[in-house]
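Undergrad:
There are 2 protein chains.
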Amino acid sequence: MITSLHNKDIKAAAALSAKKKERDRQGLFVVEGPKMFGEAPVERISRVYVAQSAAAQMYEQYGAKLSGLPCETVSDEVFAKMSDTKTPQGILCLVRQQHYYIEEILRDSVKKQMLFIMLEDIQDPGNLGTIFRTAEAAGADGVIMNSSTVDIYNPKTIRSTMGSVYRVPFFYVESLSSIIIRLREEGVSVYAAHLGGKDAYDDCSYQKSTAFLIGNEASGLREETAACADALIRIPMEGKVESLNAAVASSVLLFEASRQRRKIKT
Amino acid sequence: MITSLHNKDIKAAAALSAKKKERDRQGLFVVEGPKMFGEAPVERISRVYVAQSAAAQMYEQYGAKLSGLPCETVSDEVFAKMSDTKTPQGILCLVRQQHYYIEEILRDSVKKQMLFIMLEDIQDPGNLGTIFRTAEAAGADGVIMNSSTVDIYNPKTIRSTMGSVYRVPFFYVESLSSIIIRLREEGVSVYAAHLGGKDAYDDCSYQKSTAFLIGNEASGLREETAACADALIRIPMEGKVESLNAAVASSVLLFEASRQRRKIKT
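So the sequence lines, in the order shown, correspond to chains A and B. Residues in the first sequence are numbered consecutively from 2, following our numbering. Residues in the second sequence are numbered consecutively from 2, following our numbering.
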């Protein structure tokens, strides 16, 4: 059992929770809690840590999955050092990052109705995670983010994906403009959610391959990015609300596409 | 200028941030930051506190609104004690709670298409605030919560309403069952979001007065509450997602009602 806060593996794991730079350097990220451990693809788990006080319960519940994995029991104090949460849940694991390639995904673009969500400068980790979860539920093929969007491997983001981070392909690009042009070449229509949009979102058809563009929580999309889209669309709002939460706007658009596609099928 | 952490007004304000019991006892709640102060109805503001380091800027920006209000400048240390946030934004105010009455709102129920969102056991303050913001944008007439739902006056909830807390009527009830029966008497159809729902949410018509029922983030609706609804509906999901975030599910349903009602008008 590891009891020293100065153990080098413990320090490396704590750095993964705290710093994007370390996550990129080590090619790993931290996943906390029984649910997220349970959903983690076993071939991507590099190491598991179990807190002493939770060890009996974790081995009982996850014995089969744990048996093939490098697993260390650590003191509760050591566990708390690695954990990002106020009330650690007794198990965490280091998971290998996955790299996806847009061209690989676009290979299917002629065959099927694709659906993407593109995010610019999203800052709230919880919003980003919720968007991944929603994107999977709405049948999206991928999430595309510019490099100023918060890190998908931020522990708060990971938690709010509820496991979708393992399953939804995603890409970071320096700027969204060039990828928008690439998507349009492949026949994907790009709709930018914009307060100045002319058409209501539900007056457009999303039967063909579609990508939705969502901007920063406070300032919206950059002008030069919005200018690359096929059309600006708006979500009609009542009351004195100035804008919707970014995850809410994403949900309304993604599920409108999902709704329209189901209607045609039936 | 107040510089003492032991000042009784400061202690009272700090208690409002920290404890629901104190908020209920004093009939007040705390609102932080320039945006939320700017949107607060002036007749409901009981007192304003400005941090010393932000005072010049706040008086310049909000001089007109501040001039008629009891306002105290406090040291940054004192301000931090009252604040709920890690990076205090220099201004906070105490606002009087507002009480709404369901019967008053239901008086309009024969005249118009009403729209309600009903929440059971929602625990995440950010989710609750986001639901208020979305409810206003979708044109809802009120938010109805059972008494085990998180407090709307929690500082985190207040922040994520982005001002909707001042404008959307809401009610807490001991249990939702009796209010569901009351709503149905008034001709409001009550749809429960439920993983076991038969109909897809977009196969129902929300042209008439409608209420949506949303349950706890992890465990969903209580059986006895779901049993009171007119119908159980589900949001079709792809992938391996088990459920949607509560604010996302609320958004999809509220904006589907809004969409259907706009379509008929035009």
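Positions of the beta carbon are idealized from the N, C-alpha and C atoms, including for glycine.
With a threshold of 8 Å between beta-carbons, can A:R134 be considered close to chain B, or not?
TA: yes
Undergrad: Since B:G164 is in the beta strand (DSSP E), which residue starts that stretch and which ends it?
TA: Counting along the chain, B:G164 falls outside any beta strand (DSSP E), and DSSP gives it neither H nor E.
Undergrad: Is it buried or exposed, B:R160, if we count other Cβ atoms within 10 angstroms and call 16 or more buried?
TA: buried
Undergrad: Let me confirm a value: B:V169 is counted as buried when at least 16 other C-beta atoms fall within 10 Å, else exposed. Which label applies?
TA: buried
Undergrad: Given B:I103, which residues of its chain have a CB within under 6 Å of its CB, disregarding the five upstream and five downstream residues?
TA: F172
Undergrad: If you drop the 5 nearest sequence neighbours on each side, which residues of the same chain put their C-beta closer than 8 Å to that of A:A141?
TA: L116, F117, I118, V169 and L255
Undergrad: Which residue spans inside the segment 24-51 of chain B form an unbroken alpha helix (DSSP H) run of at least 4?
TA: If we require 4 residues or more, the alpha helix (DSSP H) runs fully inside the segment 24-51 of chain B come out as 35-40.
Undergrad: Could you work out which residue in B:A15, B:I123 and B:G28 is closest to B:A248 when comparing CA atoms only?
TA: B:I123
Undergrad: For the alpha helix (DSSP H) containing B:G127, name the first residue and the last one.
TA: Its alpha helix (DSSP H) spans residues P126 to A138.
Undergrad: Per the contact definition of three or more C-beta pairs closer than 8 Å, is the segment 40-53 of chain B in contact with the segment 86-94 of chain B?
TA: yes
Undergrad: Just checking, does the segment 237-246 of chain A make contact with the segment 131-140 of chain B on the three C-beta pairs under 8 Å criterion?
TA: The segment 237-246 of chain A vs the segment 131-140 of chain B: in contact.
Undergrad: Can you tell me which of the three DSSP states A:Y63 falls into?
TA: Per DSSP, reduced to three states, the secondary structure at A:Y63 is helical.
Undergrad: Out of curiosity, what's the CA-to-CA distance linking A:A138 and B:L196?
TA: Using only the alpha carbons, I get a separation of about 13 Å.
Undergrad: Does chain B have any CB closer than 8 Å to the CB of A:L245?
TA: Chain B, which has a Cβ nearer than 8 Å to the Cβ of A:L245, makes this yes.
Undergrad: Cβ closer than 9 Å: which chain A residues qualify as neighbours of B:A258?
TA: Neighbours of B:A258 on chain A: none; closest Cβ ~12 Å, over 9 Å.
Undergrad: Give me the DSSP bridge partner(s) of B:L233.
TA: B:A193
Undergrad: With a threshold of 8 Å between beta-carbons, can B:M115 be considered close to chain A, or not?
TA: Judged by the 8 Å Cβ criterion, B:M115 is not in contact with chain A.
Undergrad: Against chain A, with Cβ distances strictly below 8 Å, would B:V166 count as a contact?
TA: no
Undergrad: DSSP on A:A228, reduced to helix/strand/coil?
TA: coil
Undergrad: Using a cut-off of 8 Å between C-beta atoms, extract the partners of A:K112 located in chain B.
TA: Near A:K112 there are no residues of chain B at all, since even the closest Cβ is about 17 Å away, more than 8 Å.
Undergrad: Is the shortest distance between the beta-carbon of A:M146 and the beta-carbons of chain B less than 8 Å?
TA: no
Undergrad: From the DSSP output, read off the bridge partner residues of B:E78.
TA: As DSSP reads the structure, B:E78 sits in no beta bridge.
Undergrad: Going along chain A, which residues have a C-beta under 7 Å from B:T131?
TA: N246 and V249
Undergrad: Can you list, in chain order, the residues of its chain whose CB lies under 7 Å from that of B:L222, leaving out five sequence neighbours each side?
TA: E121, A193, H195, L214 and G216
Undergrad: If B:P71 sits next to B:Y167, beta carbons under 8 Å apart, how far is it from one beta carbon to the other, in whole angstroms?
TA: Contact doesn't hold; Cβ gap of about 19 Å is too wide.
Undergrad: Suppose the cutoff is 6 Å on Cβ atoms and the five residues either side in sequence are ignored; what does the same chain contact list for A:A201 look like?
TA: P237
Undergrad: Whose C-beta lies closer than 8 Å to the C-beta of B:Y101 among residues of the same chain, with five residues either side of it excluded?
TA: G143, P170, F171 and F172
Undergrad: Please classify A:A15: is it buried, with 16 or more other beta-carbons within 10 angstroms of its beta-carbon, or exposed?
TA: buried
Undergrad: If we call anything under 8 Å between Cβ atoms a contact, is A:V189 one with A:I180?
TA: No. Outside cutoff.
Undergrad: Do A:V151 and A:T162 have their C-beta atoms closer together than 8 Å?
TA: no
Undergrad: With a cut-off of 8 Å, does the C-beta of B:R24 fall near any C-beta of chain A?
TA: Interface residue (Cβ-Cβ distance to chain A less than 8 Å): B:R24 is not classified as such.
Undergrad: Would DSSP call A:M146 helix, strand or coil?
TA: strand
Undergrad: For A:E73, decide whether its Cβ has a neighbour in chain B, counting only Cβ atoms nearer than 8 Å.
TA: No - not a single Cβ of chain B is within 8 Å of the one on A:E73.
Undergrad: Just mark B:G127 as buried or exposed, buried being the case when its beta carbon has 16 or more other beta carbons within 10 Å.
TA: buried
Undergrad: For a minimum of 4 consecutive residues, which ranges assigned as the alpha helix (DSSP H) are wholly contained in the segment 85-111 of chain B?
TA: Segments of the alpha helix (DSSP H) lying fully in the segment 85-111 of chain B: 103-107.
Undergrad: Which residue marks the beginning of the alpha helix (DSSP H) containing B:L177, and which one marks its end?
TA: L177 to E186
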